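This report concerns only the one structure given below.
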Amino acid sequence: DGGITQSPKYLFRKEGQNVTLSCEQNLNHDAMYWYRQDPGQGLRLIYYSQIVNDFQKGDIAEGYSVSREKKESFPLTVTSAQKNPTAFYLCASSIGRQTGELFFGEGSRLTVL
Amino acid sequence: AQKITQTQPGMFVQEKEAVTLDCTYDTSDPSYGLFWYKQPSSGEMIFLIYQGSYDQQNATEGRYSLNFQKARKSANLVISASQLGDSAMYFCAMRVAIYNQGGKLIFGQGTELSVKP
């Protein structure tokens, strides 16, 4: 079945450690996105990529990094520079640059101990 | 500034009744799109309905309809005949165009809907 796969679903990290969240899609979508969700709040855009080998910062990119070496994959690294990384992270994709509807993965919940 | 506002943090509705979730938006771009997503407690985001800024008619998808009032910049979601499975967070979102970089969605804070049996 086509869709977006995020892993791991739950992740625990010690302070000062970098962690990478995986996002893979087999929908043949051009655009991919990473959002962060804090309890009781909406989604905030971290990074997005419209095509392979290109990506742009969203509204809260500080402390995060991404790569887009393949169309199918858009991993997110939460670095030690991110001051408050405990959150729910959602990856999404859309068909093209102007198409708005996003298809979401099931999310990754990161907890910093 | 482009912004989505949902003023109802929580709503209750009796099963089988209709409910309206409010959403107002702000943009100076004449071309935009408005979306509603549902987020159950499992965390996944489920697309419900879409309205384009140039669409003449209000969008409908089964029990969901979008009450689009362009002059008021509102895009309220109406759920008819509520079911227990409708209990979830609901997010309004707007597609924002970025010159030469496609677009992105910005989201409101969400409304938590609880359906009572």
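Taken in sequence, the protein lines are chains L and C.
Residues in the first sequence are numbered from 1 upward in steps of one, following the numbering used here.
Residues in the second sequence are numbered from 1001 upward in steps of one, following the numbering used here.
Yeah, the Cβ is synthetic: ideal placement off N, Cα and C, and Gly gets one too.
Being a predicted model, the structure only gives us computed values, none of them experimental.
- DSSP, read as helix, strand or coil, puts Gly3 of chain L in coil.
- Contact note: Gln1051 of chain C does not reach chain L at a C-beta cutoff of 8 Å; the least C-beta distance is about 10 Å.
- Around Glu106 of chain L, the beta-carbon contacts reaching into chain C at under 7 Å are Gly1043, Glu1044.
- Taking a contact to require three or more Cβ pairs closer than 8 Å, the stretch 1 to 9 of chain L and the stretch 20 to 30 of chain L qualify as touching.
- Interface criterion not met: the Cβ of Leu1077 of chain C is under 8 Å from no Cβ in chain L.
- A distance of 8 Å or more separates the beta carbons of Leu1034 of chain C and Met1089 of chain C.
- Of all residues in the stretch 13 to 34 of chain L, only Ala31, Tyr33 place a beta-carbon less than 8 Å from a beta-carbon of chain C.
- By the beta-carbon neighbour count (other beta carbons within 10 angstroms, threshold 16), Pro1117 of chain C is exposed.
- Looking only at C:Gly1043, C:Gly1110, C:Lys1073, C:Ile1049, the smallest Cα-Cα distance to Ser1065 of chain C is reached by C:Ile1049.
- If you ignore the 5 residues before and after Ser1087 of chain C, its C-beta comes within less than 7 Å of the C-beta of Leu1113, Ser1114, Val1115, all in its own chain and listed in chain order.
- For Asn1076 of chain C, the number of other beta carbons within 10 angstroms of its own is at least 16, and it is reported as buried.
- Just measuring C-alpha positions, the residue of C:Gly1062, C:Gly1103, C:Gln1002, C:Ala1071 sitting nearest Ser1028 of chain C is C:Gln1002.
- Gly3 of chain L has a beta carbon lying at 8 Å or more from every beta carbon in chain C.
- For Phe1107 of chain C, at least one C-beta of chain L is nearer than 8 Å to its own C-beta.
- Less than 8 Å separates the beta-carbon of Cys1023 of chain C from that of Ile1004 of chain C.
- Neighbours of Lys1104 of chain C in chain L, taken as residues at a C-beta separation under 8 Å, are given in chain order as Tyr33, Leu45, Tyr48, Gly58.
- Just so you know, the alpha carbons of Gly63 of chain L and Thr79 of chain L end up roughly 5 Å apart.
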